[in-house]
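Q:
Residue numbers (the numbering used here), protein chains in the order written: chain A, 4 to 257; chain B, 4 to 257.
#1: Checking 8 angstroms against the spacing of the C-beta atoms, do residue 133/A and residue 127/A come in under that value?
#2: What residues in the region 14 to 35 of chain A bring their beta carbon closer than 9 angstroms to a beta carbon of chain B?
#3: For residue 37/B and residue 159/B, I'd like the C-alpha separation in whole angstroms.
#4: List the whole-angstrom C-beta distance separating residue 13/B from residue 72/B, where the pair is believed to meet the contact cut-off of C-beta under 8 angstroms.
#5: To the nearest whole angstrom, what separates the beta carbons of residue 191/A and residue 119/B, a pair I think is in contact under 8 angstroms?
#6: Please state the DSSP three-state secondary structure of residue 247/A.
#7: Which residue spans inside the region 189 to 238 of chain B form an unbroken beta strand (DSSP E) run of at least 3?
#8: Is the CB of residue 188/B under 8 angstroms away from at least one CB in chain A?
#9: On the three-pair Cβ rule with 8 angstroms, is the region 48 to 66 of chain A touching the region 6 to 23 of chain A?
#10: DSSP three-state label for residue 69/A, please.
#11: Residue 64/B: buried (16+ other C-beta within 10 angstroms of its C-beta) or exposed?
#12: Report the CB separation of residue 205/A from residue 148/A in whole angstroms; it is logged as a contact under 8 angstroms.
#13: Identify each residue in the region 107 to 118 of chain B for which the Cβ-Cβ distance to at least one residue of chain A is less than 8 angstroms, and report them in chain order.
#14: Would the beta-carbon of residue 67/B fall within 8 angstroms of that of residue 7/B?
#15: State the start and end residues of the unbroken alpha helix (DSSP H) segment that holds residue 1/B.
#16: Taking residue 32/A and residue 207/B to be in contact with their CB atoms under 8 angstroms, please state how far apart those CB atoms are, rounded to whole angstroms.
#17: Quick one, are the C-beta atoms of residue 230/A and residue 184/A less than 8 angstroms apart?
#18: Can you pull the chain B neighbours of residue 42/A, defined as C-beta to C-beta under 7 angstroms?
#19: Give the secondary structure of residue 127/A by DSSP, where H, G and I count as helix, E and B as strand, and everything else as coil.
#20: Checking contacts by CB at 8 angstroms: is residue 97/A closer than that to chain B?
#21: 8 angstroms is my cut-off, CB to CB: does residue 83/A come that close to chain B?
#22: So what's residue 148/B in DSSP terms, helix, strand or just coil?
#23: What residues from the region 58 to 90 of chain A come within 9 angstroms of chain B, judged by C-beta to C-beta, listed N to C?
#24: Enumerate, from N- to C-terminal direction, the unbroken beta strand (DSSP E) stretches of 3 or more residues contained entirely within the region 30 to 58 of chain A.
#25: Is the Cβ of residue 5/A closer than 8 angstroms to any Cβ of chain B?
#26: From the beta carbon of residue 204/A, is the nearest beta carbon of chain E less than 8 angstroms away?
#27: Which runs of the alpha helix (DSSP H) fall wholly inside the region 92 to 128 of chain B and span at least 4 residues, in chain order?
#28: Contact criterion: CB-CB distance below 8 angstroms. Does residue 242/B meet it with respect to chain A?
#29: At what residues does the beta strand (DSSP E) containing residue 178/B begin and finish?
#30: Rounding to the nearest angstrom, what Cα-Cα distance links residue 122/A and residue 223/A in this structure?
#31: Which residue from 188/A, 225/A, 228/A and 213/A puts its Cα closest to that of residue 246/A?
#32: For residue 207/A, go through chain B and note every residue whose CB falls closer than 7 angstroms to its CB, in chain order.
#33: Report the residue from 220/B, 167/B and 88/B whose alpha carbon sits nearest the alpha carbon of residue 52/B.
#34: The beta strand (DSSP E) spanning residue 10/A covers which residue range?
#35: Below 8 angstroms between beta carbons: does that hold for residue 77/A and residue 186/B?
#36: According to DSSP, simplified to helix, strand and coil, what is residue 172/A?
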């Protein structure tokens, strides 16, 4: 089975100014990893038409799926929809189903469905709507690009609704070996394990507490048996050097 | 005065897998904004030599400063130093001053200055060391690229030490107008203000609490008087529509 690749494009001046801290990259990264889709790259860019067009073109060509967040609200700087449409040479239309959903959402409130809010029903032609169970205004899918809101709760709800359409690969097996040894001491063993088990990736996370230190070594691979063998080999080598090493049961590692 | 531009490159498979959540983009974004340097773009990429070389080349050409984080530790997947050197056609040398600092750091501990740890003294020729007051292993500056550790506390300490060398621009004035009005209702006023005051950027942050909602409008500009005038004009228009609008004093807004 071919593993699908993905990229993320976070669109918004407020992230680049530091005023708002991005939470979407980390959340989506976890989801995609869980589904067996390889996240290749994430970018944070400004709300500028040329900028958005350039990065949407780049990343939609480089990966199987591109997920964007931000810039689809009602204000003047919400230009993601128009820019993504332009990147694919599509016109933007006022989408009847999107209008219907927004009208239903505002019905019975004293919120006016004014021109600014109507803009949230503008969708590129040939795009498919992405449901927004939080605040109605939909995202959309155009070609391999999934355009979602920037507000984390809305983005997450949108992704939960669309993720069944994505083609996931085989989930990776992940095994943590907790070692009572410094990262610099275990580095050679890790490098050797990485070479001996080419399908297994070996990452290290050193930690310090008063009076204690150690390194969590995380082994990940598509092949569960290979990954287990790599973990056992690494743990044995650490013990042979006279240090403690414990292979954690799944779920114990965070 | 020309405003300097910057980009950030976060290097690390552990961020793309979702295991570790990046904190460096948000922190650096705040620092740069505070200094009057324009952060143009941030990217998160994998620990791959070709990948690092390509993005370092791209971003170091596109912006005045490039800040990288991650991949300068002792393990086999710490390949940032070698890759950045290659991007600039430089050799990597074992740097005597870096060796001295690491030796001094490990002296009197039972940590062995083994081959893996010695790798942290490998620095591209012609690079300047960046001090690491936390764990000694230095970062480095090569051309307009500042290579720092991935661990947030170390990256922050490194940046604090180097930031006086950066050429900051005029800090932007930022004024928040707290409006008792929905984002969709105020959108037209915001768009008009943005057009009437071209040097002032106008962003909106809608918020909801039980029984209450509103929009924080944030105006930022290099010209303090212009930004103030834009804030007053916006607040007046909101009040003229019959809604509340309060210009917050600096420091009240977060």
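Heads up, the beta-carbon is just placed ideally off N, CA and C, and yes, glycines get one too. Since this is a predicted model, take the numbers as computed values, not measurements.
A: With the structure as the only source:
#1: No, the pair does not count as a contact, with Cβ atoms beyond the cut-off.
#2: Listed by position along the chain: 15, 16, 17, 18, 19, 20, 21, 22, 23, 24, 25, 26, 28, 29, 30, 31, 32, 33, 34 and 35.
#3: Annotation: residue 37/B to residue 159/B spans about 15 angstroms, alpha carbon to alpha carbon.
#4: Contact check for residue 13/B and residue 72/B: beta-carbon distance about 5 angstroms, within the 8 angstroms limit, so the pair qualifies.
#5: Yes, they are in contact, since the Cβ atoms of residue 191/A and residue 119/B sit about 6 angstroms apart, within 8 angstroms.
#6: In this structure, residue 247/A counts as coil in the three-state DSSP scheme.
#7: DSSP runs (the beta strand (DSSP E)) wholly in the region 189 to 238 of chain B: 203 to 212 and 215 to 224.
#8: By this cut-off, residue 188/B is an interface position.
#9: Result yes; three or more Cβ-Cβ pairs closer than 8 angstroms.
#10: In the structure shown, residue 69/A falls within a strand segment according to DSSP collapsed to helix, strand and coil.
#11: Exposed, by the Cβ-count rule.
#12: Going by Cβ atoms, the distance from residue 205/A to residue 148/A rounds to 34 angstroms, so no, they are not a contact pair.
#13: 114, 115, 117 and 118: these are the residues of the region 107 to 118 of chain B whose beta carbon lies less than 8 angstroms from some beta carbon of chain A, given in chain order.
#14: Going by C-beta atoms, residue 67/B is nearer than 8 angstroms to residue 7/B.
#15: Because residue 1/B is not part of the residues shown, which for chain B are 4 to 257, the question remains open.
#16: With 8 angstroms as the limit, residue 32/A and residue 207/B do not qualify as a contact, their Cβ atoms being about 28 angstroms apart.
#17: Cβ distance not < 8 angstroms, so residue 230/A and residue 184/A don't count as in contact.
#18: Under the 7 angstroms cutoff, chain B gives 19.
#19: In the three-state scheme derived from DSSP, where H, G and I count as helix and E and B as strand, residue 127/A is classed as strand.
#20: No, because no Cβ of chain B sits closer than 8 angstroms to the Cβ of residue 97/A.
#21: Between residue 83/A and chain B, the shortest Cβ-Cβ separation is not below 8 angstroms.
#22: Looking at residue 148/B - three-state DSSP - the assignment turns out to be strand.
#23: Result list: 58, 76, 77, 78, 79, 80 and 81.
#24: Inside the region 30 to 58 of chain A, DSSP marks whole beta strand (DSSP E) runs of 3 or more residues at positions 41 to 48, from first to last along the chain.
#25: Not an interface residue.
#26: Checking the listed chains, one finds no chain E in this structure; the protein chains it contains are A and B.
#27: With a minimum length of 4 residues, the unbroken runs of alpha helix (DSSP H) contained wholly in the region 92 to 128 of chain B fall at 99 to 109 and 118 to 121.
#28: Answer no: the Cβ-Cβ gap between residue 242/B and chain A never drops below 8 angstroms.
#29: Counting along the chain, the beta strand (DSSP E) containing residue 178/B begins and ends at 176 to 182.
#30: Roughly 45 angstroms separates the two Cα atoms.
#31: With distances taken between Cα atoms, residue 246/A lies closest to 188/A.
#32: By Cβ distance, chain B contributes 78.
#33: Selected option, being the one with the closest Cα: 88/B.
#34: Start and end: 8 to 14.
#35: Yes. Within cutoff.
#36: Note: residue 172/A maps to coil in three-state DSSP.
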